[in-house]
Amino acid sequence: MTGKIAIIYSDDYLKYYLSPEHPLRPQRLALAIRLMKEIGVFNNQNVVLVEPRECEVEDLLLVHSSDYIELVKSLSKTGGGYLDYGDTPAFLGMFEVTRKIVGGSLKAADMINTGEAQHAFNIGGGLHHATRSRASGFCVFNDIACTIRYMQKKYHLERIMVVDLDCHHADGTQNTFYSESGVLTVSLHEDGTYLFPGSGFVFEDGAGEGKGYCVNVSLPPYTFDEAYLYAFNEIVPPLVRAYQPDLILQQSGVDAHYTDPLTSEALTIRTFLNTYRAIHSLAHEVCDGKYLIFGGGGYQIGVVARAWASMLCELLDIPIPEETPKSWREFYESVSRELGLEPAAPIKMGDPEVKVEEKAKKKILEDVELVVQEVKERVFPTHGLDF
Ligand SMILES: [Zn+2]
Ligand SMILES: [Zn+2]
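Under the working numbering, think of the first position of the sequence shown as -17, with each following residue one higher.
Below you can see the structure in the form of structure tokens.
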């Protein structure tokens, strides 16, 4: 069911290096690309590996203020200090590398809109916290928001839908389009009461023209596979079918994984794959397969590699190997030694079952059901959907 898939990557992405102790480790991208190579993704005739280009300053100006762009440019020459209140250090060369990441997302958009590719994955993209005049949550410029504005301008798209799967609320993306009906943003994330950035509550549902076009599925900590999929299936497919977007964007953060050191959700790679499969098939059903995928968070380097390599297998409809290749594990071990992490590489591509205590399970499921009902009551009427 799939046409060409473009994977946008350059080793230059590894220069998005905030600081030696920072949890966002650029090596996770190299590990993911290497795993894709070693399991045969790039041997598939439908896959092309594409170099990103640096975006223009005018592309950044579609979303960001010129003062902020100038600030990033000047701190990029010196490094040092922070771009926000302490999560996003200013680092040498950040202006150039972030322009390349944004340019990678614009390249993906061009390829899809001209028909050169049906799906595209900018593995370095997904910087969803950055907002008009400041960085936030490890994100310097918001490539997702810039890409949406760019496609509105260049390809005159009238309905763009974003499904953000990252464990953190997609606040930067939400804020950019909060009062517009031409962009439907859906974010599934851990409740902001417990997790950065502290927003994304169900009642944040858009303003003015955009009322009902901002959807926040705010999930309790320890949400496990079954509860998450229930929420996803109740909300995402009906909205896609009702909205009929010209194109679907997906932010693919995998930090809702049960082993992620920064968050408290309890998902396995199986659930990520179920969501990718569903969105992929919806894209074919409603928008000729136009499906633009961004990377995102994920602070367990082995999970990032296994989840995104498995996603490519899913898109290509090829089997996911049981085990990670030995040569990849050796590469993983050299990288983790270098980073001072636990060196043992994951042997299985998938995850074991995560045991959740029955009583806790019941309570979480009940909480998730309440959230789902609340979301439906708030936004489904806007889209002519029953709840
Ligand atoms: Zn496809
Ligand atoms: Zn995140």
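All C-beta atoms in this analysis are idealised placements derived from N, C-alpha and C, irrespective of residue type, glycine included. All of these numbers come straight from a predicted model, not from anything done at the bench.
Quick check on residue 379: buried or exposed, where buried means 16 or more other Cβ atoms within 10 Å of its Cβ?
The chain is shown only over -17 to 369; residue 379 falls outside these bounds and no answer can be derived.
Quick check on the burial criterion: 16 or more other C-beta atoms within 10 angstroms. Buried or exposed for residue 13?
Residue 13 comes out buried.
Could you check what DSSP says for residue 167 in three-state terms: helix, strand or coil?
The answer is strand: DSSP assigns residue 167 an E or B state.
Around the Cβ of residue 282, are there at least 16 other Cβ atoms within 10 angstroms (buried) or fewer (exposed)?
Buried, by the Cβ-count rule.
Does DSSP put residue 9 in a helix, in a strand, or in coil?
The answer is helix: DSSP assigns residue 9 an H, G or I state.
Helix, strand or coil for residue 148? Go by DSSP, reduced to three states.
Three-state DSSP puts residue 148 in coil, outside helix and strand.
Three Cβ pairs or more, each shorter than 8 Å: is that satisfied between the segment 220 to 231 and the segment 266 to 275?
Taking 8 Å as the limit for Cβ pairs, the verdict is that the segment 266 to 275 does touch the segment 220 to 231.
Examine ligand 1 and report whether any of its heavy atoms sits within less than 8 Å of the Cβ of residue 232.
Checking the Cβ of residue 232 against ligand 1 gives no.
Spatial neighbours of residue 191 within its chain, please: CB distance less than 7 Å, with the 5 preceding and 5 following residues excluded, ordered by chain position.
Hits under 7 Å: 161, 162, 163.
Mind reading off the beta-carbon distance from residue 46 to residue 123? Whole number of angstroms is fine, and I expect it under 8 Å.
The Cβ separation is near 6 Å, so the contact holds.
Roughly how many angstroms lie between the CA atoms of residue 79 and residue 250, to the nearest whole one?
Cα-Cα distance, rounded: 31 Å.
Under 8 Å from any heavy atom of ligand 1, does the C-beta of residue 273 make it?
Yes, the Cβ of residue 273 comes within 8 Å of a heavy atom of ligand 1.
Compute the distance between the beta-carbons of residue 89 and residue 29, then report whether it is under 9 Å.
It is not a contact, given that the beta carbons lie outside the stated cut-off.
Just how far apart, CA to CA, sit residue 327 and residue 315?
Looking at the two C-alpha atoms, the distance is approximately 6 Å.
For residue 287, I'd like the list of residues in its chain whose CB is within less than 6 Å of its CB, leaving aside the five on either flank, ordered along the chain.
Excluding sequence neighbours, residue 287 sits near 13, 14, 17.
Excluding the five sequence neighbours on either side, which residues of its own chain have a C-beta within less than 8 Å of the C-beta of residue 246, listed in chain order?
The answer, listed in chain order, is 172, 176, 177, 203, 204.
In three-state terms, what does DSSP make of residue 121?
In this structure, residue 121 counts as strand in the three-state DSSP scheme.
Just to confirm, are residue 385 and residue 212 a CB contact at a threshold of 9 Å?
Because residue 385 is not part of the residues shown, which for the chain are -17 to 369, the question remains open.
With 16 as the cutoff for other CB atoms within 10 Å, does residue 49 come out buried or exposed?
Classification for residue 49: exposed.
Specify whether the segment 35 to 42 and the segment 18 to 27 touch according to this definition: at least 3 beta carbon pairs, one from each stretch, less than 8 Å apart.
No, the segment 35 to 42 is not in contact with the segment 18 to 27.
Less than 8 Å between the CB of residue 119 and some heavy atom of ligand 2, yes or no?
It does: the Cβ of residue 119 is within 8 Å (strictly closer) of some heavy atom of ligand 2.
Could you check the C-alpha separation between residue 181 and residue 20 for me, to the nearest Å?
Whole-angstrom Cα-Cα distance: 39 Å.
Alpha carbon to alpha carbon, what distance is there between residue 299 and residue 364?
Each residue's alpha carbon lies about 35 Å from the other.
What does DSSP give as the partner residue(s) for residue 330 in the beta ladder?
DSSP, once it has assigned bridges, lists 305 as partnering residue 330.
I'd like to know if the segment 97 to 109 and the segment 68 to 87 are in contact, where contact means that at least 3 CB-CB pairs between them fall below 8 Å.
Output reads yes: the segment 68 to 87 touches the segment 97 to 109.
Between residue -12 and residue 32, which are expected to be in contact by the criterion C-beta below 8 Å, what is the C-beta distance as a whole number of angstroms?
Residue -12 to residue 32, Cβ: 5 Å. Contact.
Would you kindly report the start and end of the unbroken beta strand (DSSP E) that includes residue 234?
Taken as a continuous stretch (DSSP letters only), residue 234 belongs to no beta strand (DSSP E), as it is neither H nor E.
Find the nearest neighbour of residue 337 within the set 248, 313, 347, judged by alpha-carbon distance.
Ranking 248, 313, 347 by Cα distance to residue 337 puts 248 first.
Going by the C-beta, is residue 264 closer than 8 Å to any heavy atom of ligand 2?
Residue 264 Cβ: outside cutoff for every heavy atom of ligand 2.
Indicate whether residue 284 and residue 234 have their beta-carbon atoms separated by less than 9 Å.
It is not a contact, given that the beta carbons lie outside the stated cut-off.
Assuming residue 262 is part of the alpha helix (DSSP H), what are its boundary residues?
Element bounds for residue 262: 251 to 268.
Is it the case that the CB of residue 245 approaches a heavy atom of ligand 2 more closely than 8 Å?
It does: the Cβ of residue 245 is within 8 Å (strictly closer) of some heavy atom of ligand 2.
Would you check if the distance between the CB atom of residue 0 and the CB atom of residue 11 is smaller than 9 Å?
No, Cβ-Cβ distance for residue 0 and residue 11 is not below 9 Å.
Does the Cβ of residue 294 have 16 or more other Cβ atoms within 10 Å, making it buried, or fewer, making it exposed?
When all chains shown are included, residue 294 counts as buried.
So who's on the other strand from residue 283, going by DSSP bridges?
For residue 283, which the question treats as bridged, DSSP gives no partner whatsoever.
Report back the beta-carbon spacing between residue 66 and residue 118 to the nearest angstrom; my notes put them in contact at under 8 Å.
Residue 66 to residue 118, Cβ: 5 Å. Contact.
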